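Engineer: Dropping a structure here in structure tokens format, bear with me for questions.
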Amino acid sequence: LLLNREMPPMKATVDLCQACGSTAIAFSAGIREFRLHKCAECGLVRTNPMPEDADLVRFYQQFAFEKPSREDVDHDVPAIEASLRHFVGVPQPGRNRVLDYGGGFGIYCKAARQLGWEPSLFDYDRGCLEYAQSAMGVTCAVGDLADLRDKQFDVIFGYHVIEHWNRIDEN
Numbered sequence: 250l251l252l253n254r255e256m257p258p259m260k261a262t263v264d265l266c267q268a269c270g271s272t273a274i275a276f277s278a279g280i281r282e283f284r285l286h287k288c289a290e291c292g293l294v295r296t297n298p299m300p301e302d303a304d305l306v307r308f309y310q311q312f313a314f315e316k317p318s319r320e321d322v323d324h325d326v327p328a329i330e331a332s333l334r335h336f337v338g339v340p341q342p343g344r345n346r347v348l349d350y351g352g353g354f355g356i357y358c359k360a361a362r363q364l365g366w367e368p369s370l371f372d373y374d375r376g377c378l379e380y381a382q383s384a385m386g387v388t389c390a391v392g393d394l395a396d397l398r399d400k401q402f403d404v405i406f407g408y409h410v411i412e413h414w415n416r417i418d419e420n
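So the working numbering is basically just the index in the sequence shown, starting at one, shifted up by 249.
Next up, the structure:
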């Protein structure tokens, strides 16, 4: 994979790294109309130009994600529960609203609900949202950030998500 290939640092021709402010790039590679840049200082991989929400929706709608089998879900949920318990904790009285940002099929929402959380799911992929509602029992699954603007959460988490944010400073 290109992302794992080490190349000597070169001077950036793009804006500053969103994470550390550096202009040094470890490598740059093109994917469609976007270029991936890996920061030589902190290692953040980002795109330039940054995609708009419509670009992300188009990108994720092209995949035919393989839905997890019942056996996979039953196997994975206990480990996910342990991970959530460790990193997110358990709900407290009056503090039980959690958002899984970019949660795909909703398996983390299922595990969170089993821990006592009231989970909501955000994801761009409509197929994932439908599956999360029908198979995982997710009651609040949205694909438009505007639907979350007036909602409040006690905890927001995402697993393998930050690398997909198009406007990290606004999300």
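Idealized CB from N, CA, C, for every residue including glycine. All of these numbers come straight from a predicted model, not from anything done at the bench.
(1) Please tell me whether, using a cut-off of 7 angstroms, the distance from the CB of residue 343 to the nearest non-hydrogen atom of the ligand ADP is below it.
(2) What would DSSP say about residue 358, mapped onto helix, strand or coil?
(3) Is it buried or exposed for residue 400, if we count other Cβ within 10 angstroms and need 16 for buried?
(4) Taking all protein chains shown into account, do 16 or more other C-beta atoms lie within 10 angstroms of the C-beta of residue 269, making it buried, or fewer, making it exposed?
(5) In its own chain, which residues sit with a C-beta less than 7 angstroms from the C-beta of residue 405, not counting the 5 before and 5 after it?
(6) Answer yes if the stretch 373-384 comes into contact with the stretch 325-344, meaning at least three C-beta pairs across the two stretches below 8 angstroms, and no otherwise.
(7) So, using beta-carbon positions, are residue 339 and residue 364 closer together than 8 angstroms?
(8) Is there a Cβ of chain D sitting closer than 8 angstroms to that of residue 270, yes or no?
(9) Quick one: what does DSSP say residue 408 is sitting in, helix, strand or coil?
(10) For residue 349, write down the residues that DSSP places opposite it in a beta bridge.
(11) Under a Cβ-count criterion, where at least 16 other Cβ atoms within 10 Å of its own Cβ denotes burial, should residue 266 be classed as buried or exposed?
(12) Per DSSP, what kind of secondary structure is residue 276 in: helix, strand or coil?
(13) Can you tell me the Cα-Cα spacing of residue 271 and residue 278, whole angstroms?
(14) Which partner residues of residue 296 appear in the DSSP bridge assignment?
(15) How many Å lie between residue 375 and residue 346 at the Cα?
Structural biologist: Taking the definition as stated:
(1) For the ligand ADP, the structure offers nothing, since it holds no ligand at all.
(2) Here residue 358 corresponds to residue number 109 of the sequence shown, with the count starting at 1. Three-state DSSP puts residue 358 in a helix.
(3) Stepping through the sequence shown from its first residue, residue 400 is reached at position 151. So residue 400 ends up on the exposed side.
(4) The residue given as residue 269 occupies position 20 in the sequence shown. Exposed.
(5) On the sequence shown, position 156 is the one that residue 405 refers to. Excluding sequence neighbours, residue 405 sits near 348 and 350.
(6) no
(7) What you label residue 339 is simply residue 90 of the sequence shown in a count that begins at 1. What you label residue 364 is simply residue 115 of the sequence shown in a count that begins at 1. Yes, the Cβ-Cβ distance between residue 339 and residue 364 is below 8 angstroms.
(8) No chain D appears in this structure, which consists of one protein chain only.
(9) Along the sequence shown, read from residue 1 onward, the residue named residue 408 stands at position 159. Note: residue 408 maps to coil in three-state DSSP.
(10) In the sequence shown, the residue the question calls residue 349 occupies position 100. The partner list for residue 349 (beta bridge, DSSP) reads 370 and 406.
(11) Against the sequence shown, residue 266 aligns to sequence position 17. It is buried - the Cβ of residue 266 has at least 16 other Cβ atoms within 10 Å.
(12) On the sequence shown, position 27 is the one that residue 276 refers to. Looking at residue 276 - three-state DSSP - the assignment turns out to be strand.
(13) In the sequence shown, counting from the first residue as 1, residue 271 sits at position 22. In the sequence shown, counting from the first residue as 1, residue 278 sits at position 29. Whole-angstrom Cα-Cα distance: 18 angstroms.
(14) For this step, residue 296 is matched to residue 47 along the sequence shown. DSSP output for residue 296 lists 285 as bridge partner(s).
(15) Numbered from its first residue, the sequence shown carries residue 375 at position 126. Numbered from its first residue, the sequence shown carries residue 346 at position 97. Approximately 22 angstroms, taken between the alpha carbons.
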